[in-house]
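Read the structure below first, then the notes.
In the UniProt record's numbering, the protein residues as written are 1 to 200.
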(Lines of atoms letter the chains of each structure in order from A and count residues from 1; the text may use other names and numbers.)
(Lines give C-alpha, C1' and ligand atoms only; values in the text may rest on other atoms or scores of the structure.)
Protein backbone atom coordinates (compact mmCIF):
# COMPACT_ATOMS: atom_id res chain seq x y z
CA UNK A 1 0.00 0.00 0.00
CA UNK A 2 1.36 3.45 -0.90
CA UNK A 3 2.22 5.92 1.85
CA UNK A 4 -0.76 8.13 2.71
CA UNK A 5 -0.83 11.36 4.68
CA UNK A 6 -2.86 11.52 7.87
CA UNK A 7 -5.33 14.39 7.48
CA UNK A 8 -7.05 14.20 10.86
CA UNK A 9 -6.51 12.22 14.05
CA UNK A 10 -8.73 11.95 17.11
CA UNK A 11 -8.67 10.09 20.42
CA UNK A 12 -12.17 9.06 21.46
CA UNK A 13 -12.10 8.92 25.28
CA UNK A 14 -13.38 5.77 26.94
CA UNK A 15 -17.19 5.65 27.21
CA UNK A 16 -17.63 8.55 24.74
CA UNK A 17 -18.48 9.01 21.07
CA UNK A 18 -17.39 11.20 18.16
CA UNK A 19 -18.54 11.87 14.58
CA UNK A 20 -16.56 12.58 11.41
CA UNK A 21 -16.96 13.42 7.74
CA UNK A 22 -15.29 11.01 5.34
CA UNK A 23 -15.08 11.90 1.66
CA UNK A 24 -15.24 9.29 -1.08
CA UNK A 25 -11.80 7.72 -1.45
CA UNK A 26 -10.56 8.71 2.00
CA UNK A 27 -9.59 5.99 4.46
CA UNK A 28 -10.49 5.67 8.11
CA UNK A 29 -8.29 3.73 10.53
CA UNK A 30 -9.92 2.61 13.81
CA UNK A 31 -7.30 1.67 16.39
CA UNK A 32 -7.77 -0.16 19.69
CA UNK A 33 -5.36 1.81 21.87
CA UNK A 34 -5.07 -0.52 24.88
CA UNK A 35 -6.75 -3.68 23.56
CA UNK A 36 -10.10 -5.41 24.15
CA UNK A 37 -12.21 -2.30 23.48
CA UNK A 38 -15.29 -2.42 21.26
CA UNK A 39 -16.02 0.47 18.88
CA UNK A 40 -19.66 0.79 17.78
CA UNK A 41 -19.52 2.15 14.21
CA UNK A 42 -22.37 3.68 12.18
CA UNK A 43 -22.32 5.50 8.83
CA UNK A 44 -24.79 7.60 6.83
CA UNK A 45 -24.70 8.92 3.27
CA UNK A 46 -23.75 12.57 3.68
CA UNK A 47 -26.34 13.82 1.19
CA UNK A 48 -29.22 11.69 2.52
CA UNK A 49 -29.31 10.35 6.08
CA UNK A 50 -32.10 7.94 5.16
CA UNK A 51 -29.36 5.78 3.62
CA UNK A 52 -27.17 4.20 6.28
CA UNK A 53 -24.74 1.36 6.83
CA UNK A 54 -26.77 -1.81 7.34
CA UNK A 55 -25.13 -4.88 8.95
CA UNK A 56 -28.00 -7.19 7.95
CA UNK A 57 -27.80 -6.12 4.30
CA UNK A 58 -24.01 -6.52 4.44
CA UNK A 59 -24.39 -10.08 5.75
CA UNK A 60 -26.96 -10.78 3.03
CA UNK A 61 -24.70 -9.41 0.27
CA UNK A 62 -21.57 -11.18 1.55
CA UNK A 63 -23.42 -14.38 2.56
CA UNK A 64 -21.40 -14.48 5.77
CA UNK A 65 -21.31 -13.06 9.30
CA UNK A 66 -17.57 -12.47 8.98
CA UNK A 67 -15.68 -9.86 7.00
CA UNK A 68 -12.22 -9.90 5.46
CA UNK A 69 -10.02 -7.38 3.63
CA UNK A 70 -11.45 -6.60 0.21
CA UNK A 71 -15.06 -7.01 1.36
CA UNK A 72 -17.62 -4.24 0.98
CA UNK A 73 -19.95 -2.92 3.67
CA UNK A 74 -23.38 -2.08 2.24
CA UNK A 75 -26.12 0.44 2.95
CA UNK A 76 -29.79 -0.34 3.59
CA UNK A 77 -30.27 0.26 -0.17
CA UNK A 78 -27.64 -2.39 -1.07
CA UNK A 79 -25.17 0.27 -2.17
CA UNK A 80 -21.46 -0.16 -1.34
CA UNK A 81 -20.55 2.37 1.38
CA UNK A 82 -17.13 1.26 2.61
CA UNK A 83 -14.42 -1.27 1.74
CA UNK A 84 -12.42 -3.07 4.39
CA UNK A 85 -8.77 -2.64 3.43
CA UNK A 86 -6.85 -3.89 6.48
CA UNK A 87 -7.77 -5.87 9.59
CA UNK A 88 -5.29 -7.06 12.19
CA UNK A 89 -7.94 -8.80 14.32
CA UNK A 90 -10.36 -10.63 12.01
CA UNK A 91 -13.20 -10.88 14.53
CA UNK A 92 -15.99 -8.31 14.72
CA UNK A 93 -19.77 -8.29 15.20
CA UNK A 94 -22.71 -7.54 12.88
CA UNK A 95 -25.64 -8.83 14.95
CA UNK A 96 -25.82 -6.88 18.22
CA UNK A 97 -27.62 -3.58 18.45
CA UNK A 98 -26.09 -0.66 20.32
CA UNK A 99 -26.23 -0.86 24.11
CA UNK A 100 -28.79 1.50 25.61
CA UNK A 101 -29.94 2.50 29.13
CA UNK A 102 -32.82 0.01 29.06
CA UNK A 103 -30.34 -2.81 28.41
CA UNK A 104 -28.26 -1.91 31.46
CA UNK A 105 -31.37 -1.76 33.61
CA UNK A 106 -32.63 -5.10 32.25
CA UNK A 107 -29.34 -7.00 32.49
CA UNK A 108 -27.52 -5.30 35.37
CA UNK A 109 -30.17 -3.36 37.32
CA UNK A 110 -28.37 -0.12 36.47
CA UNK A 111 -30.80 2.49 35.11
CA UNK A 112 -29.59 5.64 33.32
CA UNK A 113 -26.26 4.04 32.43
CA UNK A 114 -24.11 5.70 29.76
CA UNK A 115 -24.60 3.88 26.45
CA UNK A 116 -23.52 3.61 22.83
CA UNK A 117 -27.05 4.61 21.83
CA UNK A 118 -26.65 7.93 23.65
CA UNK A 119 -23.05 8.42 22.49
CA UNK A 120 -23.95 7.89 18.82
CA UNK A 121 -27.01 10.14 19.01
CA UNK A 122 -25.00 12.93 20.60
CA UNK A 123 -22.19 12.60 18.04
CA UNK A 124 -24.52 12.49 15.03
CA UNK A 125 -26.53 15.50 16.22
CA UNK A 126 -23.53 17.67 15.23
CA UNK A 127 -24.43 16.86 11.60
CA UNK A 128 -28.19 17.18 12.04
CA UNK A 129 -28.81 13.43 11.72
CA UNK A 130 -32.04 12.59 13.58
CA UNK A 131 -32.08 10.14 16.47
CA UNK A 132 -33.28 6.68 15.36
CA UNK A 133 -35.29 4.34 17.57
CA UNK A 134 -32.16 2.15 17.76
CA UNK A 135 -28.69 1.90 16.21
CA UNK A 136 -27.54 -1.31 14.52
CA UNK A 137 -23.78 -0.78 14.28
CA UNK A 138 -20.82 -2.59 12.84
CA UNK A 139 -19.30 -3.50 16.22
CA UNK A 140 -15.57 -3.33 15.57
CA UNK A 141 -13.47 -5.67 17.76
CA UNK A 142 -16.57 -7.21 19.39
CA UNK A 143 -16.23 -10.97 19.84
CA UNK A 144 -19.62 -12.66 19.50
CA UNK A 145 -19.57 -16.46 19.52
CA UNK A 146 -22.52 -18.53 18.24
CA UNK A 147 -22.37 -22.25 18.94
CA UNK A 148 -23.92 -25.12 17.00
CA UNK A 149 -27.20 -24.85 18.93
CA UNK A 150 -27.52 -21.16 18.08
CA UNK A 151 -26.64 -19.97 21.60
CA UNK A 152 -24.99 -16.54 21.62
CA UNK A 153 -22.13 -15.63 23.93
CA UNK A 154 -20.14 -12.40 24.13
CA UNK A 155 -16.47 -13.15 24.78
CA UNK A 156 -13.52 -10.82 25.39
CA UNK A 157 -12.32 -9.08 22.22
CA UNK A 158 -9.35 -10.66 20.46
CA UNK A 159 -7.80 -7.23 19.81
CA UNK A 160 -4.53 -6.30 21.52
CA UNK A 161 -3.09 -2.83 22.02
CA UNK A 162 -2.48 -1.20 18.63
CA UNK A 163 -4.69 -3.53 16.59
CA UNK A 164 -6.74 -1.79 13.93
CA UNK A 165 -8.98 -1.93 10.89
CA UNK A 166 -8.83 0.40 7.88
CA UNK A 167 -11.89 1.28 5.79
CA UNK A 168 -12.14 3.23 2.51
CA UNK A 169 -15.23 5.34 1.80
CA UNK A 170 -17.06 4.47 -1.43
CA UNK A 171 -19.27 7.57 -1.08
CA UNK A 172 -19.25 10.75 1.00
CA UNK A 173 -20.34 9.65 4.47
CA UNK A 174 -20.89 10.80 8.03
CA UNK A 175 -19.34 8.38 10.52
CA UNK A 176 -19.98 8.07 14.25
CA UNK A 177 -18.06 5.84 16.64
CA UNK A 178 -18.71 5.05 20.29
CA UNK A 179 -16.03 3.63 22.58
CA UNK A 180 -18.47 1.22 24.24
CA UNK A 181 -19.09 2.07 27.93
CA UNK A 182 -19.95 -1.46 29.13
CA UNK A 183 -17.72 -2.49 32.05
CA UNK A 184 -20.28 -4.92 33.45
CA UNK A 185 -19.32 -7.81 31.18
CA UNK A 186 -16.33 -9.25 29.35
CA UNK A 187 -17.47 -7.34 26.21
CA UNK A 188 -14.67 -4.79 26.80
CA UNK A 189 -12.57 -6.96 29.09
CA UNK A 190 -14.38 -5.41 32.11
CA UNK A 191 -12.50 -2.13 31.53
CA UNK A 192 -13.37 0.64 29.07
CA UNK A 193 -10.50 2.33 27.23
CA UNK A 194 -10.07 4.84 24.33
CA UNK A 195 -10.31 4.36 20.58
CA UNK A 196 -8.06 6.28 18.17
CA UNK A 197 -9.23 7.34 14.72
CA UNK A 198 -7.08 8.47 11.78
CA UNK A 199 -8.39 9.78 8.45
CA UNK A 200 -6.03 9.71 5.44
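The beta carbon of each residue, even a glycine, is placed where N, CA and C say it ideally should be.
With a 10 Å radius around the Cβ and a threshold of 16 neighbouring Cβ atoms, residue 152 comes out exposed. Under the three-state reduction of DSSP output, residue 160 falls in the strand class. Put simply, the backbone Cα of residue 124 is about 28 Å away from that of residue 158. In the structure shown, residue 77 falls within a coil segment according to DSSP collapsed to helix, strand and coil. Residue 57 and residue 74 have their C-alpha atoms some 6 Å from each other. For residue 109, the three-state secondary structure derived from DSSP is coil. DSSP places residue 6 outside any alpha helix (DSSP H), giving it a letter other than H or E. Residue environment analysis places residue 24 among the exposed positions, since fewer than 16 neighbouring C-beta atoms fall within 10 angstroms of its C-beta. DSSP lists 195 as the beta-bridge partner residues of residue 32. Rounded to whole angstroms, residue 184 and residue 36 show a C-alpha spacing of 14 Å.
Around the beta carbon of residue 111, fewer than 16 other beta carbons lie within 10 angstroms, which makes this residue exposed.
Residue 19 is a Cβ neighbour of residue 176, given a cutoff of 7 Å. In terms of Cβ geometry, residue 16 and residue 174 do not form a close pair [threshold 7 Å].
Looking at the backbone, the Cα of residue 9 and that of residue 106 are separated by about 36 Å. Residue 55 is classed as buried because its beta carbon has at least 16 other beta carbons within 10 Å across all chains shown.
Within the model, the alpha-carbon separation for residue 27 versus residue 84 is close to 9 Å. Collapsing the DSSP output to three states places residue 104 in a helix. Between residue 93 and residue 139 the beta-carbon gap is near 4 Å, inside 8 Å, which marks them as a contact. In the DSSP assignment, residue 19 forms a beta bridge with 176.
DSSP places residue 61 in the helix class (H, G or I) of the three-state scheme.
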